[in-house]
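Number of protein chains: 2
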Amino acid sequence: MSIDPVKLDRLAEVAVRTGVNLQPGQDLVITAPMAALDLVRAITVHAYKAGAGIVTPFFTDDQITLARYEHAPDDSFDRAPNWFFDGLAQAFKGGAARMAISGDDPMLLAEQDPAKIARLSKATSIAAKPAMNPIVGFEVNWNIVAYPSAGWAARVFPDMPVDAAQGKLMDAIYKASRLEGDDPVANWADHTAELKKRVKWLNDHSFSALKYTGPGTDLMLGLADGHIWKGGASPALNGVTCQPNIPTEEVFTCPHAYKVDGTVSATKPLAHQGSVIENIKVRFEAGRIVEASASKGEDVLQALLKTDDGASRIGEVALVPHSSPISQSGTLFYNTLFDENASCHIALGQCYADTIEGGSTLSPEELKQKGGNQSIIHVDWMMGSDAVDIDGITKTGDVVPVMRGGEWATG
Amino acid sequence: MSIDPVKLDRLAEVAVRTGVNLQPGQDLVITAPMAALDLVRAITVHAYKAGAGIVTPFFTDDQITLARYEHAPDDSFDRAPNWFFDGLAQAFKGGAARMAISGDDPMLLAEQDPAKIARLSKATSIAAKPAMNPIVGFEVNWNIVAYPSAGWAARVFPDMPVDAAQGKLMDAIYKASRLEGDDPVANWADHTAELKKRVKWLNDHSFSALKYTGPGTDLMLGLADGHIWKGGASPALNGVTCQPNIPTEEVFTCPHAYKVDGTVSATKPLAHQGSVIENIKVRFEAGRIVEASASKGEDVLQALLKTDDGASRIGEVALVPHSSPISQSGTLFYNTLFDENASCHIALGQCYADTIEGGSTLSPEELKQKGGNQSIIHVDWMMGSDAVDIDGITKTGDVVPVMRGGEWATG
Ligand SMILES: [Zn+2]
Ligand SMILES: [Zn+2]
Ligand SMILES: [Zn+2]
Ligand SMILES: [Zn+2]
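Structure follows, in structure tokens:
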């Protein structure tokens, strides 16, 4: 068994039609690992069939990345190609849509110096801001899908031959991406309707905080003033309704960056920039992480939290039932696109402006007033399980069950 | 026999050290066909070893290119990603060096509509101007080398299995790129000294015109006012001495765009944008091509000449002895980097500003006054052979033999 080309082609078509929902005449910028070339080729065909103006793919290559860590002079790690990100920003201002292919080997940088990784990551994040702002601010339609690269598949299914592991990971991506059956477009319509039902219930209640209780977790998580729950397909500011993540199982909103108190224990390892961080535990005071530990990769975690002021506060809170298909697969993907959709999570760093009412037109200072966090990072971090209960706290102090044992408390 | 990795690595090292002569801390932008990934990886390693700041490679892919021709809407062919070229221009302004890998299948677009090819080429050339100006103006150090891709090798050696053809083409590139022996750096120093000797002789004579005589060729080619002959390694405006082409056998200068009269017959087919143009014949009047024909690909030639005002005038004249190693190999490469170095040639389109005295600081209008041609194209075009004689005409009307039977007339 290796990667089924029919499945790959369907993934490409759904990513173009349902994911990014590319419009006739719209340009498309793709970023992808070199290993995902087959998928990029298929996406390009479907994009032009959908009427794309220009499809421009950019590739990263594992060996080229490693060559930098192994041979570049030290000050290379504080630098990034600003001119490239400025070019991308210009593309999005000009109306281009964005697709990202996920599928890098999660352990690629495992042998590299964590300090260099942190420095390069910070330099890149700062340089990339002009290109990331239109995405984070949902100004253009965008989408991220996954490709079962050999490096990634070998981490997820280490006991199989690589070929077979890639085939099995393709099948897992296919299933999680709801491509099974006769009509994946209908699958996605049904799924979006279900997510929208949860979104509506949460927005109707307009909780001021969520309270989490579970093993190693006792957290009062305030929500931002004017926060809005979102989930599933929604329109970008350019008017195009897109499905940013494939797969997606979450409903999410903006926490209050200064009103989070208590302790949280991660329920899954976090694959971050080529390292795996295990058994994260943190304590919040007034929104800031004041204590953090991990049984593995703690130096990477500590460096991450020190990236900038907002890196030790959270910018996203997301709810995912424990019965989600990705969670039920029992597979640990070492990939945020999948693992975050298997579990309730929070994200360190940057908030999504559009999860605060009118947020897209607010200045950073105004967003902060409402509790929206600002940072150059956004790192999702899994803390849900079938042992976690969540209550909503209303503005009048009432307590409403939201999740029980990892499942929605209301049908 | 397939591509010898030791030879490939030496090509990469010489391209970095002798070709682009990358400086410590300097960034490097690479453009390459996807098929040349191995060479790009090797170049990246040598670039970082040489102290590169950031190496940023961009890849084009044959299948992605064909997907556009096969599936894109019609108006895609009048568009180009300006934002990408603007980003590149910013990189060069910031001091980045440039490498290009040549090696595309010369017949990739053979089945595509020539009108679409011409439209897309024109749109791309116009958009690319900001990125090409620092290269054409020699503001930064740059280099182009070749990779024996399967598609290209199969055209050059059509009667061999592809693997063997790639190995044979690698050997031909290796030899033509003067990488044989113990010390390729010394090879290049010797070769540059030889080219500089020719350059000096030509500059000392300061001819006002060259007269070409041969089968189907009777041409009086005026040289630009203040023209300078160049060849081999020379310093870019940023002070870095580089070897722009590997291989290179030519000495070249700026013709007078308004003082070329007579007829010329091409001596080799011209591979241009996926088509091969055979048996080109043209007639010049006052610098402009007023008649043009070809036994094959004439529509491509005619479209090329109509690209803009300067496309039917010439911007480069180059002398290459018939005994050059590339010429003696007898191989037709269908690739300008090689074929132009097997033969005397002229180039339709843009002149190199630095082949006119003080040209880099002149306005386009001032360049034009001196005879420097302006165009969005620059297409080299082979018209030398062992049957062509060339005389230099001095300012006082004396006739000095320059080449006889395709060889330098003086030792
Ligand atoms: Zn999330
Ligand atoms: Zn997130
Ligand atoms: Zn030339
Ligand atoms: Zn040329």
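Heads up: the sequence lines are chains A and B, in that order.
Its first residue numbered 1, the first sequence is counted upward by one per residue in the working numbering.
Its first residue numbered 1001, the second sequence is counted upward by one per residue in the working numbering.
Quick reminder that beta carbons are idealized off the backbone N, C-alpha and C, glycines included.
- Looking at the DSSP output, Thr1253/B sits in a beta bridge with Val1317/B.
- In its chain, beyond the 5 residues on either side, Pro148, Trp152, Ala153, Val156 and Phe157 have a beta carbon closer than 8 angstroms to the beta carbon of Leu169/A.
- If you check the C-beta of Ala347/A against ligand 2, you find a heavy atom less than 8 angstroms away.
- Within the same chain, and ignoring the five residues on either side of Asn1187/B in sequence, the residues whose Cβ sits closer than 8 angstroms to its Cβ are Arg1178, Leu1179, Glu1180 and Gly1181.
- Shortest gap from the CB of Glu291/A to any heavy atom of ligand 2: 8 angstroms or more.
- With the rule of 3 Cβ pairs closer than 8 angstroms, the segment 315–327 of chain A does not count as touching the segment 282–299 of chain A.
- Interface residue (Cβ-Cβ distance to chain A less than 9 angstroms): Ile1054/B is classified as such.
- Listed by position along chain B, the residues whose Cβ is nearer than 7 angstroms to that of Tyr48/A are Ala1067, Arg1068, His1071 and Ala1072.
- Between the alpha carbons of Val320/A and Pro81/A lies a gap of roughly 37 angstroms.
- One thing to note: Asp4/A has its Cβ within 9 angstroms of the Cβ of Asp171/A.
- Listed in chain order, the positions of the segment 1022–1041 of chain B with a beta carbon within less than 8 angstroms of a beta carbon of chain A are Pro1024, Gly1025, Asp1027, Met1034, Leu1037, Val1040 and Arg1041.
- Straight-line measurement puts the Cα of Ala1409/B at about 54 angstroms from the Cα of Gly53/A.
- Contact note: Val388/A does not reach chain B at a C-beta cutoff of 8 angstroms; the least C-beta distance is about 43 angstroms.
- Interface with chain A (9 angstroms Cβ-Cβ cutoff): Trp1142/B is excluded.
- Less than 9 angstroms divides the Cβ of Leu1108/B from the Cβ of Thr1065/B.
- By the neighbour-count criterion, in which a residue is buried when 16 or more other Cβ atoms sit within 10 angstroms of its Cβ, Gln328/A is exposed.
- Taken in chain order, the complete beta strand (DSSP E) segments of 3 residues or longer contained in the segment 8–65 of chain A are 28–33 and 55–60.
- Taking 9 angstroms as the CB threshold, Val45/A lines the interface with chain B.
- For Asp339/A, the shortest separation between its Cβ and any heavy atom of ligand 1 does not lie below 8 angstroms.
- Cβ-Cβ distances below 7 angstroms link Pro1401/B to Asp1391 and Ala1409 in the same chain, with the five nearest sequence neighbours on each side left out; the list follows chain order.
- At least one heavy atom of ligand 3 lies less than 8 angstroms from the C-beta of Phe1252/B.
- The Cβ atoms of Gly137/A and Asp389/A do not sit closer than 9 angstroms to each other.
- Distance from the C-beta of Glu316/A to the nearest heavy atom of ligand 1 is below 8 angstroms.
- Boundaries of the beta strand (DSSP E) around Glu1291/B: Arg1288 to Ser1293.
- Within chain B, the residues placing a beta-carbon under 7 angstroms from that of Trp83/A are Gly1087, Gln1090, Ala1091 and Gly1094, ordered along the chain.
- Between Leu1011/B and Arg1098/B, the gap from beta carbon to beta carbon reaches 9 angstroms or more.
- In this model, Phe84/A and Asn1143/B are separated by some 21 angstroms (Cα to Cα).
- In the DSSP assignment, Ala97/A forms a beta bridge with Leu28/A.
- Take the alpha-carbon of Val1290/B and the one of Gly1310/B: they are about 13 angstroms apart.
- Ranked by Cα distance from Gln1166/B, the options Ser1002/B, Thr1361/B and Asp1086/B are led by Ser1002/B.
- Ser234/A is bridged by DSSP to Cys242/A.
- DSSP places Ala347/A in the strand class (E or B) of the three-state scheme.
- In this structure, Gln369/A sits away from Gly315/A, with a CB-CB distance that is not shorter than 9 angstroms.
- Note that the C-beta distance between Ala266/A and Arg313/A is not below 9 angstroms.
- Assigned with DSSP and collapsed to three states, His191/A falls in helix.
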